[in-house]
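Participant: Below is the structure I would like to discuss, written out as structure tokens.
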Amino acid sequence: MSTQSDATGTRHATFPFPQDDPCLPPPQYARLRADEPVTQVVLPTGDRAWLVTRHADVLTVLGDERFSRRALTGPDAPKLAPIPPMPSLFYLDPPDHTRVRRLAARAFDPARLARLRPRVDRVVAAHLDRLAAADQPADLLATVARPLPLAVVATVLGVPEDEYGPFAGWIRTAFSFGAVPPDEQMAALGGLQQYLAALIGSRRKEPAEDALSDLVAPTGDDQLADHELVALVFDLIGAGDQPVTAEIVHLVLNLLRDPARLPTLHGEPELVPSAVEELLRHSQSAGGGLGSVRIAVADVELSGVTIPAGDPVIPSFNAANFDESVFPDADRIDLARRRNPHLTFAQGIHHCLGAPVGRMELTALLGGLARDFPSLRLAVPEGQLQWLPVPAFRTPGAIPVHW
């Protein structure tokens with residue numbers, strides 16, 4: 007584990023921690039949960055932050071208004087990327103966040119989600135058909151894991167099919183943190199903002215049967231402004247594309263590590279929903295979790311450690327999801343685990359708004375794999391997969407499979 011010294015000569019671990027196995031949590035998390043559940047680390051930019059690793063403490067950070075997201079936009083806030091923060095609901099605190107979240111939540115109520123389910127199921131089925139039609143070994147990343155999440159996002163938002171190409175191109179570049187030069191990323195960000203503004207304008211004039219139309223419709227005397235809608239859609243894209251691709255990758259690889267898992271789900275399809283939750287708990291797709299960082303706006307004590315006002319705090323979902331005090335036998339994948347309060351979609355006021363759609367998508371995908379591909383297996387030893395050198399939402403360059 008590498009370390010860096012601060013101005014006082016104190017050495018701190020660099021974060022995110024390296025992972026020998028991309029599908030398993032770094033071993034440091036277990037030690038920190040036991041001995042140093044709140045500890046300082048050094049970020050890639052050189053800024054220091056407090057890393058929180060116990061489930062109960064992570065819940066406190068997520069639910070306590072003394073930990074602010076808005077403060078991340080301040081001039082002295084830690085810099086997590088070389089470009090300014092994107093438009094995002096993530097950077098709002100109550101009461102602004104409360105109002106926007108209330109207006110946005112209507113697009114994802116149970117009745118509207120029921121309307122979306124057949125469309126999402128059709129998109130998932132089409133991608134599984136694409137896998138089935140491919141020559142073996144087929145690349146599961148190229149046929150399913152990479153294109154499916156963006157197709158679901160476009161379907162939910164109601165992006166016209168003939169505009170899908172430019173839409174996908176802007177997203178791939180705008181959200182490719184560290185993979186393209188900052189000027190290219192900013193240009194794509196601008197193009198995506200202009201496109202979304204135009205799409206929002208068209209939905210205000212002619213509503214359709216999609217989530218964006220639900221979002222632009224007024225509720226009583228209030229409605230979301232265009233800049234709020236753009237920020238909200240950015241959140242849905244940011245949460246629904248690359249993170250879900252990485253979730254699919256980790257879901258599949260964790261399944262295939264035990265050749266009995268898919269056949270079990272094939273024979274007991276009623277286990278698919280609990281299996282999705284367990285595989286979400288085990289996923290390491292978000293890397294270090296830098297996207298969850300907050301700023302303490304008052305002195306706060308966690309596990310006997312006082313976090314001073316102004317300091318950044320990282321509540322580690324990946325570490326909390328393996329807390330033995332909450333998840334007995336936490337290292338084991340239990341497809342039938344009953345109580346599973348994992349934090350993969352966060353909690354509190356910033357709980358992922360699109361989580362129901364993500365669960366819908368992953369449940370349809372896992373159900374389809376178990377039903378139609380119970381003999382799915384890697385075509386190469388897992389150790390030969392070439393993982394891309396990116397800090398977050400890690401995937402290999404390809405996932406060759408047989409069935």
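In this text, residue positions in the sequence shown follow the numbering used here: the first is 7, and each later residue adds one.
Where a beta carbon is used, it is the ideal one built from N, C-alpha and C, also for glycine.
The structure displayed is predicted, hence computed values, not measured ones.
1. Taking only three categories from DSSP, how would you classify R54?
2. Give the straight-line distance between the Cα atoms of D12 and P22, rounded to the nearest whole angstrom.
3. Hey, could you find the ends of the beta strand (DSSP E) E307 is sitting in?
4. Taking only three categories from DSSP, how would you classify D378?
5. Ends of the alpha helix (DSSP H) at A217?
6. Should W176 be labelled buried (16 or more other beta-carbon atoms within 10 Å of its own) or exposed?
7. What do you get for E274, buried or exposed, if any count of 16 or more other CB atoms within 10 angstroms of its CB means buried?
8. Candidates F240, S74, P101 and Y201: which alpha carbon is nearest S298's?
9. Expressed to the nearest angstrom, what Euclidean distance is found between the alpha-carbon atoms of H18 and G52?
10. P46 by DSSP, collapsed to three states: which one?
11. So, for L30: in the same chain, excluding its five sequence neighbours on each side, which residues have a beta-carbon less than 8 Å away from its beta-carbon?
12. Does the region 131 to 139 come within contact of the region 357 to 377, defined as at least 3 CB pairs closer than 8 Å?
13. Please name the residue in V162, D135, R107 and L98 whose C-alpha comes closest to that of P124.
14. Could you check the C-alpha separation between D337 and Y201 for me, to the nearest Å?
15. Compare the C-beta of L137 with all C-beta atoms of chain C and state if any pair is closer than 8 Å.
16. Considering only the alpha carbon of each residue, which of A110, V319, I313 and V186 lies closest to A223?
17. So, with DSSP's three-state summary, where would you put P22?
18. Nearest-angstrom Cα distance between D2 and Q25?
19. Evaluate L38 with the Cβ neighbour count: other Cβ atoms within 10 Å of its Cβ, from every protein chain shown; 16 or more gives buried, anything less gives exposed.
20. Indicate the three-state DSSP secondary structure (helix, strand or coil) for S322 in the structure shown.
21. List the whole-angstrom C-beta distance separating A113 from A217, where the pair is believed to meet the contact cut-off of C-beta under 8 Å.
22. For G389, which residues of its own chain have a beta-carbon under 6 Å away from its beta-carbon, when the five flanking residues on both sides are left out?
23. From A326 to P406, what does the alpha carbon distance come to, in whole angstroms?
24. So what does DSSP say about S331, is it helix, strand or coil?
25. Considering only C-alpha positions, which residue in the set L384, E330, Y170 and L98 is nearest to T59?
26. In terms of residues, what are the limits of the alpha helix (DSSP H) holding H103?
27. For D335, does the count of other Cβ atoms within 10 angstroms reach 16, so buried, or fall short, so exposed?
28. Just checking my contact of A203 with D232 at CB under 8 Å: how many whole Å lie between their CB atoms?
29. Quick one: Cα of L271 to Cα of V278, how far?
30. With a Cβ-Cβ cutoff of 8 Å, do P101 and E71 count as a contact?
31. I need the straight-line Cα distance from A385 to A237, nearest angstrom please.
32. Please report how far the alpha carbon of G403 lies from the alpha carbon of L394, in whole angstroms.
33. Report back the beta-carbon spacing between W56 and V319 to the nearest angstrom; my notes put them in contact at under 8 Å.
34. Let me make sure I understand the geometry here. Which of V150, F181, A148 and R118 has the alpha-carbon closest to that of D220?
35. Figure out for me which residue from F399, P387, T401 and F379 has the closest Cα to the Cα of A139.
36. Considering only residues of the same chain and omitting the five flanking positions on each side of V159, which have a CB-CB separation below 7 Å?
Facilitator: Well, looking at it:
1. strand
2. Caution applies to D12, whose pLDDT of 49 falls short of 50 and renders its modelled position unreliable; the value that the coordinates give is listed next. Straight-line Cα distance between these residues: approximately 17 Å.
3. V306 to L308
4. helix
5. A217 to V222
6. buried
7. exposed
8. S74
9. 11 Å
10. Checking the displayed sequence, the identity of residue 46 turns out to be Gln instead of Pro. Of the three classes helix, strand and coil, the one that applies to Q46 here is strand, per DSSP.
11. Q290
12. yes
13. V162
14. 44 Å
15. Any reference to chain C falls outside this structure, which holds one protein chain only.
16. A110
17. coil
18. Past the boundaries of the shown model lies residue 2; the chain is included only from 7 to 409, so the question cannot be answered.
19. buried
20. coil
21. 4 Å
22. none
23. 32 Å
24. coil
25. E330
26. D102 to A111
27. exposed
28. 6 Å
29. 6 Å
30. no
31. 41 Å
32. 6 Å
33. 5 Å
34. R118
35. F379
36. L242, I243, G246 and D247
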